[in-house]
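Presented below is the structure to which this report refers.
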Amino acid sequence: MGIMNFSEYMSLPLDDKLNEFMNTRLATNRTASYYVNWHKAQENVAKYELELNTLNYLIGKPHIKSEMVKLFTAQPDLLKAIPTLIAARDKVLDVLSIDEDKNFKFYNLNFEEIEIEKLEQYIDFIEETGLMNFLQNDIHQSLVDFSYGVEVGLDSNGRKNRSGQQNESILEIDLIKLTEGTDLEFSTQTYVKDIKLKWGIDVPTDKSSRRFDGVVFNPKTNKVTIIETNFYGGGGSKLKAVSGEFRDLNTYISGENVNFVWISDGPGWNTARLPLTEAFEVIPYIINLTMVNLGYLKEIVDL
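Under our numbering, the first residue of the sequence shown is numbered 8, with each subsequent residue one higher.
The structure is reproduced here in structure tokens:
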């Protein structure tokens, strides 16, 4: 089947329309920049660069524990770099210790405000984490370089947030492209009150705090197009909840001067076809990123 235009898509029976949506989804919305936030990694390493360079002194030392005692006694603030070396974001660490007799002991160590009277406990902790042995026997690079690797690894935890932001970034690019050289105006992450102030259009909503991912104003028709966007790489209960939420939202806001468009995509919808079908029954304009690229959003905005 060839590329379908917007009019053809909108004229399809519901089941065929849903199939067209499902068959033209993208496998991913990840650009190359999604994988590592290098700026954040550099910032985090720079915070402790001086301490890390000083701690290089310990690398390969045969009597490393006694050297640590001397070094941290003279410069206790060097301990502030330890969480980075063990890939811990928290600066106050709660620790459970189990001794040889299987006795449990709980303690905490503050690596933000160093408690010098606990120096022995700090050093025992460093030994028990394996970091002491690593510094003595295994590392063959500067701790600054090593910390870059740690930060890149920790940054993978931020990918979930970036995945959500990725579609919002894609939407902004699409809206810039859509409005360039036209009378159309757009804004992103926009509250209902801002739409009223900027374009004089009242958008009824289910939540006073509702913020929309994107809004396009067409001065020729005096209409706003409200846009919500998301991408689901995997399944889960959230897809069903979002389908219900946007069904209700469409009912609330659609009117003479307001259109609602839901741009969604991703393989996650394979697991939630029923709630998506129910959304298609109520929301006229559900499109994916491929369809945006084919000009469907422009057609809706011009209605």
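We treat Cβ as the ideally placed atom computed from N, Cα and C, and that holds for glycine.
With respect to ILE208, ASN264 sits close: the two C-beta atoms are nearer than 8 angstroms.
For LEU142, there is no enclosing alpha helix (DSSP H), since its DSSP letter is neither H nor E. Just measuring C-alpha positions, the residue of LYS305, ILE293 and VAL308 sitting nearest ARG32 is ILE293. In this structure, DSSP gives GLN196 an extended state, which the three-state scheme calls strand.
For ASN117, the uninterrupted beta strand (DSSP E) run begins and ends at 111-117, by DSSP. Just so you know, the alpha carbons of ILE290 and ARG254 end up roughly 6 angstroms apart. The Cβ neighbour count for TYR16, taken over all protein chains shown within 10 Å, is at least 16; the residue is labelled buried. Here the stretch 145-153 makes no contact with the stretch 108-121; the two share fewer than three CB pairs at distances below 8 angstroms.
Counting other Cβ atoms within 10 Å of its Cβ, PRO211 stays below 16 and is therefore classed as exposed. For GLU235, the beta-bridge partners assigned by DSSP are TRP269. The DSSP-derived three-state label of ILE202 is helix.
The shortest CA-to-CA distance from VAL249 to any of GLU50, THR284 and LEU85 is the one to THR284. The three-state secondary structure of ARG96, taken from DSSP, is coil. Between the C-alpha atoms of ASN12 and LYS245 there is a straight-line separation of about 30 angstroms.
Here the alpha carbons of LEU296 and VAL52 stand approximately 37 angstroms from one another. The C-beta distance from VAL102 to LEU85 rounds to 19 angstroms, too long to meet the 8 angstroms contact threshold. Each residue's CA atom was taken as its position, placing PRO83 and ASN60 some 15 angstroms apart. Looking at the DSSP output, PHE253 bridges to nothing. Counted as a single uninterrupted DSSP element, the stretch harbouring ARG280 is not any beta strand (DSSP E) but the alpha helix (DSSP H) occupying residues 280-289. When only Cα atoms are considered, ASN225 and ASP201 end up about 16 angstroms apart. Contact annotation, ASN266 with LEU304: C-beta distance approximately 10 angstroms; criterion of less than 8 angstroms not satisfied. Of all alpha-carbon atoms in LYS24, PHE132 and PHE79, the one lying nearest the alpha-carbon of LEU100 is that of PHE132. Distance check between ASN237 and each of VAL268, VAL159, GLU134 and HIS46 places VAL268 closest, using alpha-carbon atoms only. Taking 8 angstroms as the upper bound for CB-CB distance, ASP220 and GLU175 are in contact here, some 6 angstroms apart. DSSP, reduced to helix, strand and coil, places ARG37 outside both helices and strands of the structure shown, so it counts as coil.
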